[in-house]
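J.:
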Amino acid sequence: MTRNRWHIIREDNCLTVTRALPVRFDVVAETVVPDGSRRRLAQQVRQDLWRRLQDVRGFQPAVQVTREAGGCRITAGGRIAGHFPKARIESEIADLLASPKHRDRWSAQAAHRTHARGDLAHG
Numbered sequence: 126m127t128r129n130r131w132h133i134i135r136e137d138n139c140l141t142v143t144r145a146l147p148v149r150f151d152v153v154a155e156t157v158v159p160d161g162s163r164r165r166l167a168q169q170v171r172q173d174l175w176r177r178l179q180d181v182r183g184f185q186p187a188v189q190v191t192r193e194a195g196g197c198r199i200t201a202g203g204r205i206a207g208h209f210p211k212a213r214i215e216s217e218i219a220d221l222l223a224s225p226k227h228r229d230r231w232s233a234q235a236a237h238r239t240h241a242r243g244d245l246a247h248g
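So the sequence shown is numbered by the numbering used here: it starts at 126 and just counts up by one.
#1: Check whether the stretch 200 to 219 and the stretch 174 to 184 are in contact - that is, three or more C-beta pairs closer than 8 Å.
#2: Between Pro186 and Ser232, which are expected to be in contact by the criterion C-beta below 8 Å, what is the C-beta distance as a whole number of angstroms?
#3: With DSSP collapsed to three states, give me the class of Pro225.
#4: Quick check on Leu146: does DSSP put it in helix, strand or coil?
#5: Give me the Cα-Cα distance between Glu193 and Gly161, rounded to the nearest whole angstrom.
#6: Mind checking who Phe184 pairs with in its DSSP beta bridge?
#7: Alpha carbon to alpha carbon, what distance is there between Leu146 and Gln189?
#8: So, helix, strand or coil for Gln189, using DSSP?
#9: Under the DSSP definition of a beta bridge, which residues are partnered with Ile134?
#10: With H, G and I counted as helix, E and B as strand and the rest as coil, what does DSSP make of Ala167?
#11: Between Ile133 and the rest of its own chain, which residues show a CB-CB distance below 6 Å, the 5 nearest in sequence each way excluded?
#12: Give the secondary structure of Ala194 by DSSP, where H, G and I count as helix, E and B as strand, and everything else as coil.
#13: Would Arg144 be called buried (16 or more neighbouring beta carbons within 10 Å of its own) or exposed?
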């Protein structure tokens with residue numbers, strides 16, 4: 126697998142972007158955002174998650190976006206090889222998911238892509 130390869134898994138109303146299979150969440154946090162392109166949401170969250178946790182040795186991000194009534198549930202985290210401070214890392218993920226600046230950007234990107242295609246069901 127090349128360095129830039131990501132797995133994108135679509136199952137019913139859930140889309141997962143992950144570096145490694147099988148998908149594993151050693152650390153995890155969740156939030157709900159307005160409905161939009163699941164793929165775009167997953168990619169945006171994955172990028173910001175990586176930026177936030179890139180110094181955590183052995184971290185491999187995974188993001189799931191599940192369409193549900195009232196929006197999209199984002200499950201963000203991933204696997205980590207070796208020992209790690211679980212509570213601290215999960216707190217950092219939760220802080221990222223709660224950040225108004227990030228949430229606004231993710232929602233705008235997801236809505237922009239969805240409306241540009243003219244189809245809310247894709248992504």
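Cβ coordinates follow ideal geometry from the N, Cα and C atoms, glycine included.
T.: According to the data block:
#1: Touching, per the Cβ criterion.
#2: So it is not a contact: roughly 20 Å between Cβ atoms.
#3: In the structure shown, the three-state DSSP call for Pro225 is helix.
#4: Coil, per DSSP.
#5: Straight-line Cα distance between these residues: approximately 11 Å.
#6: Phe184 has Ile205 as its beta-bridge partners, per DSSP.
#7: Roughly 13 Å between the two C-alpha positions.
#8: The answer is strand: DSSP assigns Gln189 an E or B state.
#9: Assignment of beta-bridge partners to Ile134 by DSSP yields Thr141.
#10: DSSP places Ala167 in helix when its eight states are reduced to three.
#11: Answer for Ile133: Val142, listed in chain order.
#12: In this structure, Ala194 counts as coil in the three-state DSSP scheme.
#13: Burial call: buried.
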